[in-house]
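Asker:
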DNA sequence: TCAGGTGGACTTGTATACCATCTCGTACGA
DNA sequence: TCGTACGAGATGGTATACAAGTCCACCTGA
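Protein chains in written order, with this note's numbering: chain A, 12 to 228; chain B, 12 to 228.
(1) Which word fits residue 181(B), buried or exposed, when buried means at least 16 other C-beta atoms lie within 10 angstroms of its C-beta?
(2) Can you name, in chain order, every residue of its own chain whose Cβ lies under 8 Å from the Cβ of residue 62(A), other than the five neighbours on each side?
(3) Quick one: which chain B residues come within Cβ less than 8 Å of residue 88(A)?
(4) Would you kindly work out how many angstroms separate the C-alpha atoms of residue 32(A) and residue 64(A), rounded to a whole number?
(5) For residue 69(B), which three-state DSSP category applies?
(6) For a contact meaning CB atoms closer than 9 Å, what does residue 253(B) contact in chain A?
(7) Please name the residue, chosen from 197(B), 215(B), 158(B), that lies closest to residue 183(B) on a Cα-to-Cα basis.
(8) Could you check whether residue 59(A) and residue 60(B) sit closer than 8 Å to each other, using their CB atoms as the reference points?
(9) Should residue 154(B) go down as buried or exposed, given a rule of 16 or more other Cβ atoms within 10 Å for buried?
(10) Are residue 77(A) and residue 139(A) touching if we call contact CB-CB under 8 Å?
(11) For the stretch 26 to 56 of chain A, list every residue whose C-beta sits within 7 Å of some C-beta in chain B, in sequence order.
(12) Compare the C-beta of residue 66(B) against all C-beta atoms of chain A and say whether one is closer than 8 Å.
(13) Here's a check: name, in chain order, each residue in its chain whose Cβ is nearer than 8 Å to the Cβ of residue 209(A), leaving out the five neighbours to either side.
(14) What would DSSP say about residue 195(B), mapped onto helix, strand or coil?
(15) Any C-beta of chain B sitting closer than 8 Å to the C-beta of residue 60(A)?
(16) In angstroms with no decimal places, state the Cα-to-Cα distance between residue 199(B) and residue 110(A).
(17) Taking buried to mean at least 16 other C-beta atoms within 10 Å of its own C-beta, is residue 72(A) buried or exposed?
(18) Which residues in the same chain have their Cβ closer than 8 Å to the Cβ of residue 118(B), if we skip the five residues on either side of it in sequence?
(19) Does any residue of chain A bring its CB to less than 8 Å from the CB of residue 85(B)?
Given below as structure tokens:
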């Protein structure tokens, strides 16, 4: 049997990421357990893991709640992503094989084709978002730094970051796809400064698209 | 009573960090529980928390072991620290108050005095290491980015990183202290580029001091 | 009427018992 | 002699029972 705790973890996680569980909603161990037909023990373990990732807040003897994020949190996340993902580009560029470059080019092509189609956003946006994750994930994998990957992973799982494309204007989407192409071109040229600079711009542009102008503090 | 699980967590954690538990040593839940006179439940929770932080490795049905790190891991950690801590400097510089600058200068002074003394290393090195952590921690706190702090925290707890000064030569120690002074001076001057550059150099110098020349891969 | 205390319901934290699974050794057969 | 299969012992995972802490509402007394 696959570990129940892991299953529970994934269920709650996706429930949070899809917005099924609203912000700061209470997560009572007993309720979750009976609703899934299991005991509290695996639920506890799942909640602890989610707490370690920052997806839920737990107070001693007071239970767990869905964590909430404000604009300041999101700004922090995008800033850090811009630094870490551009570093991943820097590491990946000198290591990139021809096959890996080709893989990235394929993803670019698929996304460009998707962007041209006129499908309803219900099917187009998830497909774009999925390939976007593949693109970024591949570069992180190519960087060959497990810890860098782990750090970025802990930053990504905030809902709004996962669903970036939902709020993109057509122009922003085009710019994003051009960035992807440019990153691959820079990697093909073996220019890690170029590649990492584009990646940094890419993430920072996403930040502004989502958050608007920098908050005056 | 303070949560038993937390107590257990801290005990195991310090045991690992001080080297009391040797590398890849098995951590049997039952043994730990009876040796502390408690049940397995809080031990389990403590081990999961440590696993989430990367201090122990758990394999399904095979138990938990103290995690081990090789040179490549340490290189990754110092590289990431150099990036993240320099970013902390960049954020902290424009926010630094006069009181905070003075606090950092005090820490510098204390470390310089400690370095002059002839105390046995048993008392001098821990005192230096403690103040070093305070210095770096203060700058991270000043950066006002909780997530940045969390990311750095997850990188720090590898024993050898904690005990940096143990392997320092007198020259390296002097250079390290000079770096600290220079960082504070740069922050006082409000020059975040200068400050972050020194911090980056500071961490990378530590990397080379500890790991020697870059591995040829 | 309001302040403070008290009781109870609810929830988390801990202990224990039970079950599933893995590991490793031994014996049997090819 | 080597390989495989079976089984005993140990270990991790799950469920349930119980203890302890928190929060809220109600009640009492000034």
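Ideal Cβ placement from N, Cα and C applies to all residues, glycine included.
If you're wondering where the values come from, they're calculated on a predicted model, not measured in any experiment.
Answerer: Checking against the coordinates, here is how it stands:
(1) Sequence index remark: in the second chain, residue 181(B) carries index 170 (1-based). It counts as exposed.
(2) Position 51 of the first chain, counting from 1, holds the residue named residue 62(A). Cβ within range, chain order: 68, 69, 75.
(3) Indexing the first chain from 1 puts residue 88(A) at position 77. Within 8 Å Cβ-Cβ: 158.
(4) If you number the first chain from 1, residue 32(A) lands on position 21. If you number the first chain from 1, residue 64(A) lands on position 53. Between residue 32(A) and residue 64(A), the C-alpha separation is close to 17 Å.
(5) Numbered from its first residue, the second chain carries residue 69(B) at position 58. Residue 69(B): strand per DSSP, three-state reduction.
(6) Past the boundaries of the shown model lies residue 253(B); chain B is included only from 12 to 228, so the question cannot be answered.
(7) Along the second chain, one-based indexing puts residue 183(B) at 172. Taking each of 197(B), 215(B), 158(B) in turn and checking the Cα distance to residue 183(B), the smallest one comes out for 215(B).
(8) Start at 1 with the first residue of the second chain, and residue 60(B) comes out as number 49. Start at 1 with the first residue of the first chain, and residue 59(A) comes out as number 48. The answer is yes: Cβ separation under 8 Å.
(9) Here residue 154(B) refers to the residue found at position 143 of the second chain. Looking at its Cβ environment, which holds 16 or more other Cβ atoms inside 10 Å, residue 154(B) is buried.
(10) Stepping through the first chain from its first residue, residue 77(A) is reached at position 66. Stepping through the first chain from its first residue, residue 139(A) is reached at position 128. No, the Cβ-Cβ distance between residue 77(A) and residue 139(A) is not below 8 Å.
(11) Taking 7 Å as the Cβ-Cβ cut-off against chain B, the residues of the stretch 26 to 56 of chain A that qualify are 56.
(12) As a working note, residue 66(B) is residue 55 in the second chain. No, residue 66(B) does not count as interfacial toward chain A.
(13) Translated into the one-based positions of the first chain, residue 209(A) becomes position 198. Answer for residue 209(A): 100, 190, 193, 194, 197, listed in chain order.
(14) Residue numbering aside, residue 195(B) sits at position 184 when the second chain is read from its first letter. Three-state DSSP puts residue 195(B) in a helix.
(15) Sequence index remark: in the first chain, residue 60(A) carries index 49 (1-based). Yes - at least one Cβ of chain B is within 8 Å of the one on residue 60(A).
(16) As a working note, residue 199(B) is residue 188 in the second chain. As a working note, residue 110(A) is residue 99 in the first chain. In a straight line, the C-alpha of residue 199(B) is about 50 Å away from that of residue 110(A).
(17) Sequence index remark: in the first chain, residue 72(A) carries index 61 (1-based). The residue in question, residue 72(A), is exposed, as its Cβ has fewer than 16 Cβ neighbours within 10 Å.
(18) On the second chain, residue 118(B) is found 107 positions in, with the first residue counted as 1. So the qualifying residues of the chain are 142, 145, 146, 149, 191.
(19) The residue given as residue 85(B) occupies position 74 in the second chain. Residue 85(B) does not count as touching chain A.
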